[in-house]
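Counted from 1, the sequence shown has number 111 at position 110 by my numbering; the numbering is strictly sequential.
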Amino acid sequence: MKVYKAYCFDLDGTVYRGGTAIPEAVTFIQQLQRQGIEPFLVTNNAKYTQAQQRQKVAAMGLDIAEDHIMTSAIATAKYIRTHYPESTVKVIGQDGLVEAVRQEGLTVVEKEPNIVVQGLSASISYEDIEDVCYDIQNGALHIATNGDLKLPKEHGFAPGNGSFVKLVQGVTGIEPLMIGKPEGHMLEIIRTQYHFEKEEMLMIGDNYDTDILAGIHYGIDTLHVDTGVTRQEDVKKMDLQPTYYVKTLQDVDCL
Ligand SMILES: [Mg+2]
2 MKVYKAYCFD LDGTVYRGGT AIPEAVTFIQ QLQRQGIEPF LVTNNAKYTQ AQQRQKVAAM
62 GLDIAEDHIM TSAIATAKYI RTHYPESTVK VIGQDGLVEA VRQEGLTVVE KEPNIVVQGL
122 SASISYEDIE DVCYDIQNGA LHIATNGDLK LPKEHGFAPG NGSFVKLVQG VTGIEPLMIG
182 KPEGHMLEII RTQYHFEKEE MLMIGDNYDT DILAGIHYGI DTLHVDTGVT RQEDVKKMDL
242 QPTYYVKTLQ DVDCL
């Protein structure tokens, strides 16, 4: 395998499963770091701040710099600041999204927003959803951190942000703007911030529909790892193929 400058790792299903590290991934990342390559973490999960996400992987033996952690929350906030800097923003979501929006200096409001930004919230209520539906019908732009319909958990799949976004969309009839994978916004922020060429970047992930398609759409190489959502046999049936696929990251022989 070719050597890259920016190895962009998905998290759940790639680096860990829930709270448990995937040992081959941890070893691979540590190998990269010994070669002087600092990996990037690229996650649709908008729940955690960079500091919280850093702590989570630190407990698994990975020392990742906060500014190498890219979340759909950060990408969403940067997107709004770039394209709608004067907007007022209503936030549905948890710490990661609230902090990201504040860090970009955006004006957060409860009533009559120009933009509704929707991330996964464990405490969302019927009234919250109802209000957001009214805001969007009154002209607010609907932006979602990600469209993941379901999240793999210990007892099966749990509703992801995309399920709540669809609920709102079903009422408003207005398609939201999605920021997370399979869109390339997070990869674009990394590329421009660190001045990479697309040829120098690799997206590594377990989910064909988000990770691999994000890389393919964005125009960088991709590596599918068979430790999570999409099975390798199913990836092989797809029209658009990843650049590489492996069973685990132990099978990567570039270093
Ligand atoms: Mg994943």
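In this text, a Cβ means the ideal position worked out from N, Cα and C, and glycines have one as well.
It should be emphasised that the depicted structure is a prediction, and the values quoted were computed from it without experimental measurement.
- Rounded to the nearest whole angstrom, the C-alpha separation of E200 and V230 is 26 angstroms.
- Classified as buried, K79 has 16 or more neighbouring CB atoms from the shown chains inside 10 Å of its CB.
- DSSP places M187 within a helical segment (H, G or I) once states are collapsed to three.
- Under DSSP, I125 takes part in no beta bridge, so it has no partner.
- For K154 against G19, the beta-carbon gap comes to about 7 angstroms, under 8 angstroms, which counts as contact.
- Put simply, the backbone Cα of D240 is about 29 angstroms away from that of P40.
- Secondary structure at K151: strand, using DSSP grouped into helix, strand and coil.
- Residues K6, A7 and I191 of the same chain have their beta carbon placed closer than 8 angstroms to that of F197, with the five preceding and five following residues left out of the count.
- In the structure shown, the three-state DSSP call for Y209 is helix.
- In this chain, the beta strand (DSSP E) harbouring Y8 covers A7 to F10.
- About 10 angstroms separates the Cβ atoms of L98 and V90, ruling out a contact at the 8 angstroms cut-off.
- In this chain, the beta strand (DSSP E) harbouring V90 covers T89 to I93.
- For A52, the enclosing alpha helix (DSSP H) has its first and last residue at Q51 to A59.
- Shown here, D235 sits in a helix according to DSSP, grouped into three states.
- The C-alpha of S73 lies about 13 angstroms from the C-alpha of A215.
- Burial is judged here by how many other beta carbons sit within 10 angstroms of a residue's own beta carbon; D68 has fewer than 16 and is exposed.
- With a cutoff of 8 angstroms, D210 does not count as near ligand 1, since its C-beta is closer than that to no heavy atom of the ligand.
- Contact check for Y209 against V236 passes: the beta carbons are separated by less than 9 angstroms.
- Boundaries for T44: no alpha helix (DSSP H) harbours it, while the beta strand (DSSP E) harbouring it runs F41 to T44, taken from the DSSP string.
- Distances from the CA of Q251 to each of P160, P24, I213 and Q119 were compared; the closest alpha carbon is that of P24.
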